[in-house]
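Chemist: Questions regarding the structure given below will be posed in turn.
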Amino acid sequence: GAGVSQSPRYKVAKRGQDVALRCDPISGHVSLFWYQQALGQGPEFLTYFQNEAQLDKSGLPSDRFFAERPEGSVSTLKIQRTQQEDSAVYLCASSLETLRTEAFFGQGTRLTVV
Amino acid sequence: DAKTTQPTSMDCAEGRAANLPCNHSTISGNEYVYWYRQIHSQGPQYIIHGLKNNETNEMASLIITEDRKSSTLILPHATLRDTAVYYCIQPSGAGSYQLTFGKGTKLSVIP
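In order, the protein sequence lines correspond to chains F and S. With my numbering, letter number 47 in the first sequence gets 51, and the count goes up by one each step, no holes. With my numbering, letter number 80 in the second sequence gets 81, and the count goes up by one each step, no holes.
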């Protein structure tokens, strides 16, 4: 497809379980971003990749969160030992260059930790 | 924290222009203002951005005051599908890549 694709769309995890969320950016887009959106709030920045390099991970809330983009295209956000407070929508976005161009967002993965 | 302030909510009659204000009093000379919107259960969608000149595209117009401390997003003929949360953003981060969304303005288009 032409847009940013995220999978799964919905994920229910038991507390303590590890999860992996996938993002397929638009082909050729250099920049890739992950955001976390809690219910009723705006999205919050997690991390930023330029090609395969993770240039900013300042928004990752704890060392249980890990993101990678090994070949500069598909990215995975992994959350270890999930907690209830991790329940949120995780959004992926890509852009052709830096954010002086428009960013395209996927529909997100809704994670519910029970 | 978001560097912009917006009203929490607004209503607009269908077919009328929707004017969404934003204050960004701390903006510096080389910082752009971006507008995104988020329709329920979807990811944010880019609308428009500008530096100091007014901008227009197929979706909206952006009017920036001469002192650059505020701007207004104009949807010229609002439709029901324009009901969404609208975010006015000053990107941050060393390369101006980081979007800080804040709470935005919930625009309700009324039939």
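Think of the CB as a built atom: it goes at the ideal place given N, C-alpha and C, for glycine as much as any other residue. Owing to the predicted nature of the structure, the values given are computational and were not obtained by experimental measurement.
1) Could you pull out every residue in the same chain whose Cβ sits closer than 6 Å to the Cβ of residue 80 of chain F, ignoring the five residues on either side in sequence?
2) Whose C-beta lies closer than 6 Å to the C-beta of residue 37 of chain F among residues of the same chain, with five residues either side of it excluded?
3) Since residue 8 of chain S meets chain F, which of its residues come closer than 7 Å, beta carbon to beta carbon?
4) Residues in its own chain within less than 6 Å of residue 60 of chain S by CB, not counting five upstream and five downstream?
5) Quick one: grab the DSSP three-state call for residue 67 of chain S.
6) With a CB to CB cut of under 7 Å and the five nearest residues on each side skipped, what residues in its chain are close to residue 106 of chain F?
7) Name, please, each residue of chain S whose Cβ falls closer than 9 Å to the Cβ of residue 56 of chain F.
8) DSSP state of residue 81 of chain S, grouped into three classes?
9) Mind checking the region 5 to 32 of chain S against chain F and listing, in chain order, the residues whose C-beta falls within less than 9 Å of any C-beta there?
10) With 8 Å as the threshold, decide whether the Cβ of residue 95 of chain F is near any Cβ in chain S.
11) Does residue 40 of chain F get closer than 8 Å to chain S when you measure Cβ to Cβ?
Modeler: Well, looking at it:
1) Beyond the five residues adjoining it in sequence on each side, residue 80 of chain F comes within less than 6 Å, by CB distance, of 24, 26 and 72 in the same chain, given in chain order.
2) Non-local C-beta neighbours of residue 37 of chain F in its own chain, meaning closer than 6 Å and more than five positions away in sequence, comprise 52 and 97, ordered along the chain.
3) Ordered by position in chain F, no residue passes the 7 Å Cβ test against residue 8 of chain S, which lies about 15 Å from the chain.
4) 48
5) The three-state reading of DSSP puts residue 67 of chain S in coil, since its state is none of H, G, I, E or B.
6) Around residue 106 of chain F: 99.
7) None at all; the shortest Cβ gap to chain S is about 16 Å.
8) In the structure shown, residue 81 of chain S sits in a helix (DSSP, three-state: H, G or I).
9) none
10) yes
11) no
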